[in-house]
Structure formats: structure tokens, C-alpha cells
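*Asks:* Pasting in a structure now, in C-alpha cells, and then I'll have a few things to ask.
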Amino acid sequence: MAQPEAHAQAYLDPGTPEEQSRRTFMVNAVLTLGGVITLAIAVPVLTSLVPAADAVGNAWSPLTPDEWAALQKATSKPIKVTFTLHQVDGYLPPEDDAEFVWAVKANEADFKAKRPDLFEGSTKIPYPLVYLGFTIFSPICPHLGCRFSWVDAQNKFICPCHGSEFTNIGTHIAGPAPRGLDPLPLRAVNGKAELTWIEYKQNTPDHIVLRIG
Ligand code: FES
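Next comes the structure, spelled out in C-alpha cells:
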């Protein structure tokens, strides 16, 4: 019957100074090792959450001389311009993908009169909509994201998915799309034309910019 008390005593016994110091050393060693492991896991995870310094807004894609020559052939009839899109999203390595946009010759005053949706209301597009005499349209349908095409025979853009239709300057004329076509930025730097990409929110009446570059 005296045994339980002896065990209890053993637990309460703080031990010799050497035993105490060994125990303290072991506890500290375990805590230090835990801290090192936590840091080893946390640092790469936290680093991956910080966008690269040259992220959003800096991913301009230069057009080759041939691509620029193709773009300059646009008249009031839109022309498809293929190019290599340089994309940087800050979380993944930069990517170069084959892409295309639609270019149309435009006069700023005329464009403003025909596309008031791009200049009024809550729309705030942070770049010139007519540059070097051209307007560029994203190839993504503002309804649900399909790719529309210019149909010469009907003189309009037509989306194959749900039949939305747009004029040559992107005014919405038929189908379920809630707005006209979305513009993309064009600029000239050191004698080279450059394009960048904008992701717009789909299926909303306003042109809401989600991501640039
Ligand atoms: S995605 Fe173009 S009409 Fe629906």
C-alpha cells in the first residue's frame, strides 16, 4: 500500500542539480529544434506569397516589326493581330504565350461618341483608349469569356458561344453580353509598339479591371 506514495514522491522529487540541468538542456534543445523546423517551413511559404517586384502592370509585350506591320493594316475593318504575350503574375515564373487581339483604326472624338460606355459611369480605364490611331480589343467576350471573331460577310464581331454581336468598334448590338468589347492598352517605347493584357470581370455592365499585365 506504500508503493503509490513512493511513486508520487518520485514525481515530486526535483532530482539532483545535474539531473535538473540535463532536463533543462533537453527542453531547450527540443524548443530550439521546433523553432528551426517552423522557420524552415514558414519562410518559403511566406516568400511565395509576396509578388515579384516586377509583377502587375509591368508585363508589356513588344510587337515584332511584322506584327506591327500587320496591326497597321487595320482600317475601319478590324484586323486580328497575333503576338507573343509576356505575362508576369507575381506568383509564378514569367510566361510567354501565343495570343491575339483585334485592332481597329479609330479617331478619338468619334470613338468617344460611339463608345460612351468606356468613358462614363463607374468605368475608369487607366490608359488612352485610342493610341497611334488605333484601338485594341481583348479577344475575350465580355459575356462568359469565349473568343469572338470578326465575320466579314456580316460586318460584325460574333461570339460563337451564345451569339453576342458587336460592331467594328465594339458596341454591343445583340445577344446576352451585358456590355461592349473591352479595350487593351497599346503604347510605343523606344520606337517599338507594345501591348499589354487586361483581365476584365465577365458578365457585368461595367468594364471592371481585375488585373493588368
Ligand atoms: S461567351 Fe460570348 S456570348 Fe456568351
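Here our numbering is used: the first residue of the sequence shown is 3, the next is one more, and so on.
By construction, the Cβ of each residue, glycine as well, lies at the ideal position given by its N, Cα and C atoms.
The structure displayed is predicted, hence computed values, not measured ones.
1) At the level of alpha carbons, what is the spacing between A76 and V103?
2) Please determine if the segment 65 to 80 and the segment 111 to 126 are in contact, where contact requires at least 3 C-beta pairs separated by less than 8 Å.
3) When the Cα atoms are used, what is the spatial distance from H209 to R181?
4) Quick one: grab the DSSP three-state call for F150.
5) Would you call the CB atoms of K194 and P95 closer than 8 Å?
6) Return helix, strand or coil for V58, following the three-state DSSP convention.
7) When you compare only the Cα positions, how much space is there between T169 and I160?
8) I need the DSSP call for W104, collapsed to helix, strand or coil.
9) In angstroms with no decimal places, state the Cα-to-Cα distance between V83 and A61.
10) For ligand 2, is there any heavy atom lying closer than 7 Å to the beta carbon of S78?
11) Starting from the C-beta of P162, find all residues in its chain whose C-beta is less than 7 Å away, skip the five residues before and the five after it, and write them out in chain order.
12) Using a Cβ-Cβ cut-off of 6 Å (strictly less than) and excluding sequence neighbours within five positions of I138, which residues of its own chain qualify?
13) Heavy atom of ligand 1 less than 7 Å from the Cβ of S140, yes or no?
14) Can you determine whether any heavy atom of ligand 1 sits closer than 7 Å to the C-beta of S63, and answer yes or no?
*Replies:* Per the coordinate set shown:
1) For A76 and V103, the distance between alpha carbons rounds to 12 Å.
2) Counting Cβ pairs under 8 Å, fewer than three are found: no touch.
3) Distance between H209 and R181, taken at the CA atoms: about 8 Å.
4) In this structure, F150 counts as coil in the three-state DSSP scheme.
5) Result no, Cβ atoms of K194 and P95 do not sit closer than 8 Å.
6) In this prediction, V58 scores a pLDDT of 41, lower than 50, which makes its location untrustworthy; no coordinate-derived value is stated.
7) Going from the Cα of T169 to the Cα of I160 covers about 9 Å.
8) DSSP places W104 in strand when its eight states are reduced to three.
9) If you take the alpha carbons of V83 and A61, they lie about 18 Å apart.
10) Looking for ligand 2 in the displayed structure turns up nothing; the ligands present are ligand 1.
11) So the qualifying residues of the chain are C148.
12) The residues are V103, A105, L186, L188.
13) Every heavy atom of ligand 1 is 7 Å or more from the Cβ of S140, so no.
14) A distance criterion of 7 Å places the beta-carbon of S63 beyond contact range of ligand 1, judged by its closest non-hydrogen atom.
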